[in-house]
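J.: So the sequence shown is numbered by UniProt numbering: it starts at 1 and just counts up by one.
All residues carry an ideal CB built from backbone N, CA and C; glycine is no exception.
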Amino acid sequence: MIMDNSKTTSKTTLLKLMLLRAWKERWTDCQWGINVKTILTRGVSGDVYNLADAIIQQAVVGSGANMLFLSYLKHSLCAHLISHAAVLNRIAKYDQFDKHHCLIALLDFLKSIIDGVTCRGKQEEAILTKATVSLVHWLLQIYECVLQSYAEDSTLQPEEEEVVQRVAVVLERIVENPFLLGVLSIGKCDDPELFIALQKRFNGISNLTLTTGYVANVGAGNANSLTVTDCMRKLVLLEVDALEMRPFDGGKVEPITYSLQPLIAIEVLLNPMCDTHQYVAQLINLKRLKGFTYARLYCELMRGCLIALNNVEGTAKESLLCAFAFIKVPHILHQLHAKTNGAEQQDEATGATYSVEVLEAFELLLQDTPVLDYMDMKCACNVVECLLKEMVKLQLLTDTHVKQLVALREPVTAGLHKLDANSAPLTMMLKFVFRVESPLAGILKALSTDCSKVQDALLAMLCQVLTGNSLDLVLSVASVEGKFRAFISGLLKCNDYAKQATTAEIGKAPTTRSALFDVSFMILASIAQSYGSDVILAEGGNSFFEKWVRDYMVERKKTKSPMTMVKQADPMVLEELIMAMNNSEGMYVGLKASSLRWEDICYTIPALVHQVLMAWESESIAPLEIKKMLDGLKATPEIVDPQSRVLAKLCVYCIIVTMETSLTATKKRSRGTASSELEDLDALCTSAKLRKIELDGMGVGCTEAASAGGASGTEFSLDSALETTATAWASEAASIATLKEPLQSCLQTLFRTFAQHIATDELSPKVYFVFQFLSLLVESGRERIMCVLKLLPNGLVQSLLKINATDEMTVGLILRLYDLNTPSGRQFAMSDICLLRNIQMRKESIKL
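1) By alpha-carbon positions, which one of Lys740, Leu15, Arg513 and Leu139 ends up nearest to Met232?
2) Got a sec, what are the start and stop residues for the alpha helix (DSSP H) Tyr279 sits in?
3) Hey, Val228 and Leu171 are a contact pair by Cβ (cut 8 Å); roughly how many whole angstroms apart?
4) Classify Asn794 as helix, strand or coil using the three-state DSSP reduction.
5) Okay, do the segment 315 to 326 and the segment 372 to 379 touch, 3+ Cβ pairs below 8 Å being the bar?
6) Starting from Gln345, follow its DSSP beta bridges and name the residues at the other end.
7) Buried or exposed: where does Asp153 fall if 16 or more other Cβ atoms within 10 Å of its Cβ makes it buried?
8) Assuming contact is defined by CB atoms lying nearer than 7 Å, are Leu817 and Leu789 in contact in what I supplied?
9) Compute the Euclidean distance between the alpha carbons of Ser63 and Asp47, then round it to the nearest angstrom.
10) Going straight from the alpha carbon of Met461 to that of Ile443, what length do you get?
11) Per the DSSP calculation, Asn217 is bridged to which residue(s)?
12) Taking 7 Å as the limit between beta carbons, can you name the residues of its chain near Thr340, skipping five residues before and five after?
13) Classify Arg26 as helix, strand or coil using the three-state DSSP reduction.
14) Helix, strand or coil: how does DSSP classify Glu555 here?
15) Please give the ranges of any alpha helix (DSSP H) in the segment 129 to 217, keeping only runs that are unbroken, at least 4 residues long and fully inside the region.
16) Can you find the residues in the same chain that come closer than 7 Å, C-beta to C-beta, to Leu471, ignoring five residues on each side of it along the sequence?
17) Quick one: Cα of Ile758 to Cα of Glu808, how far?
18) Since Pro606 and Val566 are thought to touch, with beta carbons under 8 Å apart, how far apart are those beta carbons, to the nearest angstrom?
19) Measuring straight from C-alpha to C-alpha, what distance separates Ser112 and Val167?
20) Can at least three beta-carbon pairs, one atom from the segment 123 to 131 and one from the segment 145 to 161, be found at a separation below 8 Å?
21) Could you have a look at Arg513 and say whether DSSP puts it in helix, strand or coil?
22) For Lys234 and Gln157, what's the separation of their Cα atoms in angstroms?
23) Count the other CB atoms, across all protein chains shown, that sit within 10 Å of the CB of Gln335; report buried if there are 16 or more and exposed otherwise.
24) Is the beta carbon of Phe545 less than 7 Å from the beta carbon of Leu613?
25) Pick from Ala323, Phe195, Gly187 and Gln455: whose alpha carbon is nearest that of Arg826?
26) Any idea what DSSP makes of Cys386, helix, strand or coil?
27) Take the Cβ of Thr118 as the centre, count every other Cβ of all protein chains shown within 10 Å, and call the residue buried at 16 or more, exposed below.
28) At the level of alpha carbons, what is the spacing between Leu306 and His331?
29) With C-beta atoms as the reference, is Leu801 less than 7 Å away from Leu835?
30) Quick one: Cα of Ser225 to Cα of Leu238, how far?
31) Quick one: measure Cβ to Cβ for Cys145 and Phe97, integer angstroms, because I've assumed they're closer than 8 Å.
32) Hey, Gly213 and Leu260 are a contact pair by Cβ (cut 8 Å); roughly how many whole angstroms apart?
33) Who are the near neighbours of Arg26 in its chain, counting only those whose CB is closer than 6 Å to its CB and skipping five residues on each side?
34) Check whether the Cβ atoms of Cys299 and Leu198 lie closer than 7 Å to each other.
35) How is the alpha helix (DSSP H) around Pro571 delimited, first residue to last?
And the structure:
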């Protein structure tokens, strides 16, 4: 409220006159309260007229304090006529340290009100931070003066000892008050210069303490009690992390975890090409959330993999989980051990080093006999031994440990009723997974060389890959070993080389090249269907297959215009294809007589199907001729696409069904709407396909706007969700700036949903979940998630406080929710801790 200066001066004078009258007439506290309200209008604080200054000035005008004025001051505080901020600010300005009786009175007054310090308005919040810092500085000044006196006289007067005792009590009360510590933390960021002066003052006191040897104790003065210097050090070196924040789950570690196995299943199935370092980042975060030791984390990882492998037995994803469990997991453990500088010891027998945590993890895993018994029975082998051998290859364990751990497991496995090793599916899968590593290396080597020199051997290798479930095994092992990209790049290069073959060439070399085109095309198409087109397009090249996937391949939820495909066809090529289709000896013979390249045929098929469809609708060609054309088209193996090459193929299916049902039917069929075509296409394309989710930028995490090295972080997972780079999440202090899309939009939507749920005054499970989410976010992320917390809507925390102001909601938690280096962060933090303070005081009924 803006007051007229003349009125303010007039009322300030009236208040001073009333103070003198009250002293002369010896008014009681109640009389003072009644009369002062005749000057102060309703809703106007006495701070506007410097009432606290006037009272304190009169109270300490003499050599001793006037206790009557101090009683008026306390009554004004209780009646909310003045603010605590104004009182503390005025006391901190008192500099007549030689008046010991006045100092004692002021310190006693502080002792009586310090536990109830709060603020009840926005204007008071900014003042209280500086006033609190100034008060601590004032207390340090008093103690420094006493130390200087002691340095000169080597003794203290009784009054000085009383001053020291009261300073100690007030400092102790401040140190024990979470609210005041929170205010000090905000004040430290709000006025750095004042806090620097505070630190310099403390350094001077420390030097004087060392010089004089004088140490003042707080409290009873026993050997274990704090000293005044200790209290000062806590205040001067105060950090937000030092403030109490209750652990999310009380620090308890759950006996059984149910989160790791679903995490493994989701990540492996939906994102099979996830890099090892991304798994490492996720697992480190999970360890932090759960409070696990690394040994427990390693054990749960292996246990979760075995459970997930059992769950997918007999499905298409069995090979992928098997490769992940027995090939990828050892590499994950190796990176975890290296990244966390895990404890190592030397084997006495061999002299080789091994990981202590990995050894402890296997000892824990051996205790979970039900899981191991079941998997040993299904696999007809010792699964622990299979894992141990891989650990030895990575030098995480030694052969001595393998023998010891297998010996511990042997008495149990000997009595198990195992399946026949030759018929158990998992047993065969395990054998194949370990055997695939060597052929995969050979295929990659062949793909990396000049295809023209090894095309025969390469064709034989790729044809062998297409037999049985070999392709699934090769892709599974390639994905978990991080060789998937190299495999795709090699296939794209091979397919691009083979596309140069024409249908008119004669001889073995063109035939081999043609077959190589077919095989590489089918493998790449299968990969695109199983893993999503993104894994192909991620190469960023301009090869034939990439262009075909981008413009022609039909995918669920990725609509492409059929007419766009038709318009891209070359009319000359289309004419040749039509002539080949009308060849009396069949389309295949007609193609051999032409000079078309395979890429031209693939690009022109949609236009060819469109021409046939138009001819059928216009009745320009007899139905029997159309059926003959379509039979020739679908019987040509070189252009058959397992998933549907173009959207127009839907029309072909409809035509074939219609004409086979009734060859004599000649009436026109009306074409369905685009929406119904898309729905029917989804119904036709029923092959199970789990596409890779594009997770670039989805991370719980954040990226630096500019780093010294110029490298930007990657995201934390879920492939990053929480993906932050392993480097960023391991760092304790990251300069966070922005979030990538779509993570930022997702978080904003999430926080808006939170705000809707806490709009009421009822403490529901949803509201408590919001608190748990924020608490867990702060506890696990610390400074790293500040960019996430900046997205919190204004007032969200205050609304949460009004509903859930329990003991779990602490000043430390609130301060960690804001960036205290920004003015807005300090403002919101101060408002929230003041609200919490007032709610707590109302509950506890503190009497000032």
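T.: In this structure, then:
1) Leu139
2) Thr276 to Lys290
3) 6 Å
4) Collapsing the DSSP output to three states places Asn794 in coil.
5) no
6) Tyr354
7) Residue burial annotation: Asp153 is exposed, with fewer than 16 other C-beta atoms found within 10 angstroms of its C-beta.
8) Yes, they are a contact pair.
9) 26 Å
10) 7 Å
11) Thr227
12) Around Thr340: Tyr294.
13) Secondary structure of Arg26 (DSSP, three-state): coil.
14) strand
15) Taken in chain order, the complete alpha helix (DSSP H) segments of 4 or more residues contained in the segment 129 to 217 are 158 to 175, 178 to 190 and 192 to 212.
16) Val465, Ile523 and Ser526
17) Computed Cα separation, rounded: 17 Å.
18) 5 Å
19) If I take the Cα positions, the gap works out to 13 Å.
20) no
21) helix
22) 28 Å
23) buried
24) One thing to note: Phe545 has its Cβ no nearer than 7 Å to the Cβ of Leu613.
25) Distance check between Arg826 and each of Ala323, Phe195, Gly187 and Gln455 places Gly187 closest, using alpha-carbon atoms only.
26) helix
27) Counting Cβ neighbours within 10 Å, Thr118 comes out buried, since at least 16 surround it.
28) Cα to Cα, Leu306 sits roughly 16 Å from His331.
29) yes
30) 20 Å
31) The C-beta distance from Cys145 to Phe97 rounds to 5 Å, short enough to meet the 8 Å contact threshold.
32) Not quite, the Cβ-Cβ distance comes to about 58 Å (not below 8 Å), so this is no contact.
33) none
34) No, the Cβ-Cβ distance between Cys299 and Leu198 is not below 7 Å.
35) Pro571 to Met581
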